[in-house]
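First comes the structure, then the notes that go with it.
Protein chains: 2
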Amino acid sequence: MAVSSFRGRRIDLKGLARTLGLSVTTVSRALNGYDDVSPRTRERVERAARELGYTPNALARRLTSGRAETVAFIPQAVEPCFESPYVAELLVGIGEALHRSNFDLVLAGGSLSDDPLAACRRLVEEGRVDGMILDRTFVDDPRVAYLLDQRFPFVTLGRDRWCARHAWLDSDGERAFYALTRALVRAGHRRIAFIGADPRFNFLRTRERGYRRALREAGVGWDPDLVRYDGFSEGGGAEACRALLRLAEPPTAILCIEDLTALGAMQAVWASGRRPGWDVAVVGYNDTPLAAAASPSLSSFRLPVRAAGRRLADMVLAIVQGTPADRHQELWVPQFIARSSHHWREEREAPERLLNLPTAPG
Amino acid sequence: MAVSSFRGRRIDLKGLARTLGLSVTTVSRALNGYDDVSPRTRERVERAARELGYTPNALARRLTSGRAETVAFIPQAVEPCFESPYVAELLVGIGEALHRSNFDLVLAGGSLSDDPLAACRRLVEEGRVDGMILDRTFVDDPRVAYLLDQRFPFVTLGRDRWCARHAWLDSDGERAFYALTRALVRAGHRRIAFIGADPRFNFLRTRERGYRRALREAGVGWDPDLVRYDGFSEGGGAEACRALLRLAEPPTAILCIEDLTALGAMQAVWASGRRPGWDVAVVGYNDTPLAAAASPSLSSFRLPVRAAGRRLADMVLAIVQGTPADRHQELWVPQFIARSSHHWREEREAPERLLNLPTAPG
DNA sequence: TTGTATGCGTTATCAT
DNA sequence: ATGATAACGCATACAA
């Protein structure tokens, strides 16, 4: 417990008041814009504060106000826990909005070893934060259950089984995969596969739902052999794809839960002697830099992630201010980024029109 | 200024003391493991605290102790400001080490619009943090200048002109590019180019220095036409590479400051009718997921970034505790990841051996 | 318009 | 071994 080398030898309110021959009360009110101080006094105080470099101590202000002026971001502790650059962009957006309101952004968890719920509890119990932003929810998310029970302000990126009761922002994966599957069917595809990953993620369920609904409505039989849940990252995507291609009737199109999965799938397609984008359509999700760099370039879905981050932050700030949480629920439709890894057998229309997806707000 | 919906109706020290019929002093000391409380009392206090769910309020503890129990991460506000997944991994590592000491990690800046120095100042002046970790330094970094002047505890990822006076951790880019250039020369290359980007980054200078030193020692003339500083991200890399290939004597090998730059360069090589990795060797830096996914797969240099994050956090914690900052200076040698985008014209040896680079610690 | 007094929840100093 | 009291730096209800 040695002492810090940095001594916070900044002037405080008391010092400032003494210098001016005023009470701390008056100085405090002059600085905080109260209207019951004389213009002359306010002027004097403000000048002195500027010249002496006075800045209010955040720790003291927080204790007094009972607000930590801080919001935490709780990542989902799944590898890759910071699925880049998704989360990075999100954090930038969150930071932008938070700093505008003079709030700090703290990063909880971070390690896979410790469960994110433990991080939540500590932050709430010790009063370290006023609100939280939860990264990609599970259908059954212990973080959500805990925070709802505590009536603690929070927002989630993604829905879950209790999402009617809290604030959330989500990408409309059902609509995206519904439109995509429908367009593929119209283009002549009949064997369309879905490669998912960890089924605890709610976004996996919604995307699969869209995929299956489109097949059902099109009267295309749903084949369980074409649905896989082992597409974890690149290796998993390749493995899942290999299995699909070994089927008696292999798929001619593959919807992947994530770009990385799709990249693995494309490699498996190449390895099988087929050409992705020609013999087999492959589509990813999230439009990471990988998508544009892949060959063939990968078609994908894009959400304006930075804007989503800003929105999430604004939501949680509003809830901390006291607005009802269930007023803040937004479903953003992702944009289809048409590249070379999919193809429409019959059609020549612009794929955006085929999918008929509006662009997302923000 | 509405009130929060969450009422922190947790029990505090006073409530606990009243329940037990003890003074707050005794309760506090019992809980903090002082040795001047009777075993019986301590037992009672601990049980009650557990049962009533008492947790000390972090805000109060921080005000009393004068420590914010918080460290800030200050990104370099250059696009892409969160150069993923580099920074994401770094943050995970930093978080791991910080949380072990019960410190919070706050993310400053985040937006490109506001300069990182402003974020620094506010955090220091309001006493919101005890220390800082600075992301990839400029040679002339205003954040460093400010913090040195303030004698505020900090560590940098990357060196700078004042680095003798503060703590830092850096990847040995000079050694990496020296070894690489040397190996290329030995393999018969004579026209070796360097595509850099923003020359304010110190790591650009060190890498270029290694490259030039190897050329000089090998007696290969240094041609200014082969050195470019416009390789910003993928588009810049492609543009720079196109210019290089238009030269009367185009390069047969290209060292790129970053994987994204190298990816763009490879595309320009393809577009010129040449084959990257065969007609032109291309090497990147940072070993992002892009490198493995590219075709041909991109050779690159890798630092154990998560471990670096842990180390940086441990360093800043040590400095906050009072150890001298200039004791914490570490140069980590990155590992060469040999893939398909480079080739050694003459040699068949394992490239690792050619480069003779040890693996990094951590 | 300004000042006095009190509280925020801890920890630390000094008595007892 | 325990308790009263002050202090951390600021904000505010109330008094003057």
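So the protein sequences, as listed, match chains A and B. Residue numbering for the first sequence is 1 to 362, as defined by the working numbering. Residue numbering for the second sequence is 1 to 362, as defined by the working numbering. Each residue gets a CB set at the ideal place from its N, CA and C atoms; glycine is no exception. Fair warning: this is a prediction, and the values are worked out from it, not measured in the lab.
- Using beta-carbon distances, A:PHE232 does not count as an interface residue toward chain B, since no partner is under 9 Å.
- Excluding five sequence positions before and after A:TRP168, the CB atoms of its chain that fall closer than 6 Å to its own CB belong to THR156, ARG159 and GLN329, given in chain order.
- Close partners of B:ASP104 in chain A (Cβ separation under 7 Å): VAL106 and ARG128.
- The continuous stretches of alpha helix (DSSP H) do not include B:GLN329, which lies in the beta strand (DSSP E) extending over residues 329-332.
- Comparing C-alpha distances from A:ILE11 to each of A:ALA268, A:ARG29, A:PRO56 and A:THR25 shows the shortest one belongs to A:PRO56.
- Exclusion of the five residues before and after B:ASP141 leaves ASP160 as the residues of its chain whose Cβ lies within less than 6 Å of its Cβ.
- The alpha-carbon separation between A:VAL316 and A:THR70 amounts to approximately 11 Å.
- By the Cβ-count criterion, A:THR25 is exposed, with fewer than 16 other Cβ atoms from all chains shown falling within 10 Å of its own Cβ.
- Among the CB atoms of chain B, one or more fall inside 9 Å of the CB of A:PHE152.
- The straight-line gap separating the alpha-carbon atoms of B:GLY173 and B:PRO334 is approximately 8 Å.
- Along the stretch 87-98 of chain B, going in chain order, the ones with a CB nearer than 9 Å to a CB of chain A are VAL87, ALA88, GLU89, LEU91, VAL92, GLY93, ILE94, GLY95, GLU96 and LEU98.
- The C-beta of B:PRO289 comes closer than 9 Å to at least one C-beta of chain A.
- The residue among B:ASP314, B:ARG274, B:ALA271 and B:GLU258 with its C-alpha nearest the C-alpha of B:ASP287 is B:GLU258.
- The Cβ-Cβ distance between B:ARG143 and B:ILE74 falls below 9 Å.
- Between the alpha carbons of B:PHE301 and A:ARG175 lies a gap of roughly 41 Å.
- B:ARG67 is the residue among B:GLY53, B:THR41, B:LEU31 and B:ARG67 whose C-alpha sits nearest the C-alpha of B:GLN321.
- For A:PHE6, the closest Cβ of chain B is nearer than 9 Å.
- Closest by C-alpha distance to B:SER299, out of B:PRO276, B:ARG209 and B:SER341, is B:SER341.
- Residue-level contact by beta carbon fails for A:ARG165 and chain B, as no gap is shorter than 9 Å.
- For the set A:ALA325, A:ARG339, A:GLY309 and A:LEU331, the Cα lying nearest the Cα of A:ALA97 is the one of A:GLY309.
- Secondary structure at B:ALA164: helix, using DSSP grouped into helix, strand and coil.
- Taken atom to atom, the span from the alpha-carbon of A:LEU180 to that of A:PHE194 is near 12 Å.
- Taking a contact as a CB-CB distance under 8 Å, the pair A:LEU134 and A:PHE103 does not count as one, their CB atoms being some 17 Å apart.
- At a cut-off of 9 Å between beta carbons, B:GLY53 contacts chain A.
- With a contact defined as Cβ atoms closer than 8 Å, B:GLY235 and B:ALA265 miss out at about 11 Å.
- Chain order gives no chain B residues near A:ALA193, where near means a beta carbon separation below 7 Å; the closest approach is about 21 Å.
- Using a Cβ-Cβ cut-off of 9 Å, B:LEU16 does not count as an interface residue toward chain A, since no Cβ of chain A sits closer than that to its own.
- Excluding five sequence positions before and after A:GLY131, the CB atoms of its chain that fall closer than 8 Å to its own CB belong to VAL71, ALA72, PHE152, PRO153, PHE154, VAL155, VAL316, LEU317, ILE319 and VAL320, given in chain order.
- Residue pairing by DSSP places A:ASP170 opposite A:LEU331 in a beta bridge.
- ALA293, ALA294 and SER295: these are the residues of the stretch 292-313 of chain A whose beta carbon lies less than 7 Å from some beta carbon of chain B, given in chain order.
- Distance from B:VAL106 to A:LEU105 at the Cβ level is roughly 6 Å; contact confirmed, criterion being Cβ atoms closer than 8 Å.
- Excluding five sequence positions before and after A:VAL92, the CB atoms of its chain that fall closer than 6 Å to its own CB belong to ARG306, given in chain order.
- Annotation for A:ASP149: the continuous alpha helix (DSSP H) segment containing it runs 142-150.
- Using a 10 angstroms sphere on the CB of A:ASN32, the tally of other CB atoms stays under 16, which defines it as exposed.
- Looking at A:LEU303, A:LEU123 and A:ALA30, the one whose alpha-carbon comes closest to that of A:ARG47 is A:ALA30.
- CA-to-CA, the gap between B:LEU290 and B:LEU312 works out to about 25 Å.
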